[in-house]
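K.L.:
Those letters in the sequence shown? Residues 6 to 331, per the working numbering, in order.
Note that beta-carbon positions come from the ideal geometry of N, C-alpha and C, so glycine has one too.
Remember, it's a predicted structure, so these values are computed and weren't measured experimentally.
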Amino acid sequence: MIKTRRTINLGKLKERNMPMELQDTLSIGVIIDTCDWISLAEGNGELLSLLENLVATDNIELVLPEQILDEWKSNKEESIKTATDKQLRDINNIHKSFQSLADRVKRNEQDTNLIKILDDVYASLVTVKESLANNHAKEEPGKQERINRIESLFYHANTKIITLEDTKNVKSKAIELSLQGKAPFHKKQKSMGDALIFLSALEYADENFFRKIYFISNNTEDFSLNGALHPDLQTLIKPYIDLTYWKSLPEAMNKMKEWSDDVAKFLAEEDARWKEEAREQREWEPLVSLHECDFCYRKNVMGYYLYHHDIPVLSICKKCDVKRLS
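(1) With C-beta atoms as the reference, is Met258 less than 8 Å away from Leu106?
(2) In terms of residues, what are the limits of the beta strand (DSSP E) holding Leu248?
(3) Report the residue from Gly48, Phe271, Asp41 and Trp251 whose alpha carbon sits nearest the alpha carbon of Glu150.
(4) Give the range of the alpha helix (DSSP H) segment to which Leu45 is assigned.
(5) Return the chain-ordered list of same chain residues with a C-beta closer than 7 Å to the C-beta of Asp211, the five sequence neighbours on each side being excluded.
(6) Residues in its own chain within less than 6 Å of Thr62 by CB, not counting five upstream and five downstream?
(7) Which class does Asn305 belong to by DSSP, given the choice of helix, strand or coil?
(8) Thinking just about the alpha-carbon of each residue, which of Asp199, Phe271, Lys111 and Ala138 is nearest to the one in Asp38?
(9) How would you label Asn174, buried or exposed, when you count the other beta carbons within 10 angstroms and need 16 or more for buried?
(10) State the DSSP-derived secondary structure class of Ser265, mapped to helix, strand or coil.
(11) To the nearest angstrom, report how far apart Ile166 and Ile36 are at their CA atoms.
(12) Does Ser205 come out as helix, strand or coil in the three-state DSSP assignment?
(13) If distances are taken between C-alpha atoms only, which option among Asn58, Asp267, Cys298 and Lys270 comes closest to Arg154?
(14) Indicate whether Lys111 and Ile120 have their beta-carbon atoms separated by less than 8 Å.
(15) So the candidates are Phe103, Leu137 and Tyr160; which of them puts its Cα closest to the Cα of Asp125?
(16) Starting from the Cα of Ala162, find the closest Cα among Leu52, Lys270, Val60 and Glu281 and give me that residue.
(17) Determine the closest residue to Gly182 out of Glu156, Met261, Ser129 and Asp237, with distance taken between C-alpha atoms.
(18) Ends of the beta strand (DSSP E) at Leu69?
(19) Could you give the residue range of the beta strand (DSSP E) that holds Thr164?
(20) Measuring CB to CB, does Ile152 end up less than 8 Å from Ala46?
(21) What is the C-beta distance between Ser205 and Gln72, in whole angstroms, given that I count them as a contact (C-beta under 8 Å)?
(22) Within its chain, find whatever has a CB closer than 7 Å to the CB of Cys40; leave out the 5 residues flanking it on each side and keep chain order.
(23) Is it right to say Pro146 is buried, meaning 16 or more other beta carbons lie within 10 angstroms of its own, or is it exposed?
(24) So is Lys252 buried or exposed if we call it buried at 16+ other beta carbons inside 10 Å?
(25) Alpha carbons only, please: which of Thr168, Leu254, Cys325 and Glu256 is nearest the one belonging to Cys298?
(26) Given a threshold of 16 other Cβ atoms within 10 Å of its Cβ, counted over all protein chains shown, does Asn118 qualify as buried or as exposed?
(27) According to the neighbour-count rule (16 or more other Cβ atoms, all chains shown, within 10 Å of its Cβ), is Glu274 buried or exposed?
(28) DSSP on Leu234, reduced to helix/strand/coil?
(29) Taking all protein chains shown into account, decide if Ser32 is buried (16 or more other Cβ within 10 angstroms of its Cβ) or exposed.
(30) Once you ignore the five residues that flank Gly232 on each side, which residues in its own chain have a CB closer than 8 Å to its CB?
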């Protein structure tokens with residue numbers, strides 16, 4: 006059976022009737038694991054903006070397995086904690102522990118200097134706690150904004166959500182990997198979600214025959230070995246699939262940016278070459294309207310002609326043969 010490839014909407018290429026193979030190689034299918042979406046929501050607004058811009062170029066298609074969407078929906082509020090969230094939790098624990106310690110010391114200690122030191126430390130902890138609480142209140146709207154932006158990407162026109170119904174035998178393959186103790190089950194058995202994510206993305210890549218696929222996850226414990234994709238998972242990738250595993254989202258994004266810039270440059274060069282070829286071919290399209298010639302002043306003897314492909318209008322007088330570019 007010959008595989009057909011789904012192409013991303015590269016309008017300029019389609020207008021030129023470029024080969025489908027070339028159109029496919031100009032798009033990248035990108036799978037970003039749940040843990041990296043959580044990291045984006047925690048506070049990397051600059052990286053999130055870059056991803057939004059890349060998806061908008063049509064050169065990137067986000068591939069979103071249903072498992073990632075489910076994990077995001079169930080864990081986003083609890084898992085997405087800013088640095089201030091974590092600091093506030095820690096200072097609250099320290100504050101409670103110190104208060105308990107100070108109360109015990111004061112009951113048995115007569116040294117006023119020590120008691121004063123304890124009171125000063127306690128007051129400092131209260132100040133730090135209040136400061137962190139204020140910072141948390143300021144960060145909360147920004148965190149919600151990032152969540153909203155991420156969810157907009159989930160439902161972007163250039164995002165493909167893969168349901169388990171869209172894939173073949175993904176569940177059975179995941180169970181088989183689990184029984185065999187292969188990655189991502191090689192260290193822990195509770196990795197069914199990770200298996201569903203990778204296998205769903207892999208089957209989608211196989212059926213749509215993307216030339217390039219980026220699988221991005223900082224979950225190195227389940228997906229990688231010595232910094233590379235785990236050999237158990239590597240053996241599942243068919244030879245005609247070009248899949249690159251990235252453990253660093255920023256590094257992958259920089260590579261995607263380079264790719265997108267190269268595509269833009271290629272399209273600009275193709276556009277210039279295409280117009281030059283049209284100019285050399287001298288293909289004409291006569292327009293209906295006739296006008297007065299600027300040279301012989303005769304009316305209704307000026308024929309207007311137009312090169313194909315948006316080349317400027319050329320006027321030719323049918324009476325005196327004067328030619329003029331408008």
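P.N.:
In short:
(1) no
(2) Leu248 to Trp251
(3) Gly48
(4) Thr39 to Gly48
(5) Lys243 and Ile246
(6) Ser265
(7) Any answer about Asn305 is weak, because its pLDDT of 48 lies below 50 and its placement is not dependable; what the coordinates show is given next. Reduced to three states, the DSSP call for Asn305 is coil.
(8) Asp199
(9) exposed
(10) helix
(11) 11 Å
(12) helix
(13) Asn58
(14) yes
(15) Phe103
(16) Val60
(17) At residue 182 the sequence reads Leu, which differs from the Gly that was named. Nearest C-alpha to Leu182: Asp237.
(18) Ile65 to Pro70
(19) Thr164 to Ile167
(20) yes
(21) 7 Å
(22) Ser222, Asn223 and Asn224
(23) exposed
(24) buried
(25) Cys325
(26) exposed
(27) exposed
(28) strand
(29) buried
(30) Thr225 and Lys252
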